[in-house]
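In what follows, a structure is listed as structure tokens, so that the remarks can point back to it.
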Amino acid sequence: MNPPETLTATIRIAAAPTEVFPYLVQPSLLVQWIGNWADLNPEPGGVFALDVHGAAVRGNYVSVEPPDRVVFTWGIPGSDALPAGSSTVEILLKADGHETIVELIHHDLPSDQRPQHEAGWPTYLEMLRQTAGS
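Each residue of the sequence shown is one higher than the last, beginning at 135 in the working numbering.
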């Protein structure tokens with residue numbers, strides 16, 4: 135088993151945190167930037183279920199602090215490499231003038247899962263920027 139790692143990705147969005155935050159907790163908005171189906175119950179212990187291009191991602195919300203922070207567990211059902219809920223994604227929204235700096239921190243990510251997440255998160259954050267900042 136490889137030791138877990140932390141992966142960080144950051145992007146600036148031309149919108150206030152109050153405008154960006156719903157894209158992290160509302161299924162119809164979440165699927166505009168990541169995935170094609172979502173079932174979300176954005177409260178501590180609530181379900182975080184997302185299908186990303188045919189891959190099921192499952193976990194639970196850990197913390198929901200509008201409009202500054204969302205934390206949820208992340209993993210793939212049936213996966214030995216990254217089981218459902220085995221890692222944690224923390225998203226921080228920081229106001230900077232009329233814009234928002236979005237910092238995504240993926241904790242407890244197995245090192246062999248890092249390359250695909252290192253490629254994926256910046257791509258999805260760019261889609262979030264295009265969607266929430268338009």
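Note that beta-carbon positions come from the ideal geometry of N, C-alpha and C, so glycine has one too.
If you look at PRO161, you'll find it in the alpha helix (DSSP H) that goes 161 to 164.
Here GLU233 carries a strand assignment [DSSP, helix/strand/coil]. A contact between stretches requires three or more CB pairs, one per stretch, nearer than 8 angstroms, and the region 256 to 267 meets this requirement with the region 139 to 157. Below 8 angstroms, enough C-beta pairs join the region 162 to 170 and the region 254 to 263 to call them touching: three or more. Between GLU177 and LEU243, the alpha-carbon positions lie close to 23 angstroms from each other.
Among the bridge pairs identified by DSSP, HIS241 is matched with THR222.
Across the set PRO249, ASP246, ARG248 and TYR258, the C-alpha of TYR258 shows the shortest separation from the C-alpha of ILE225.
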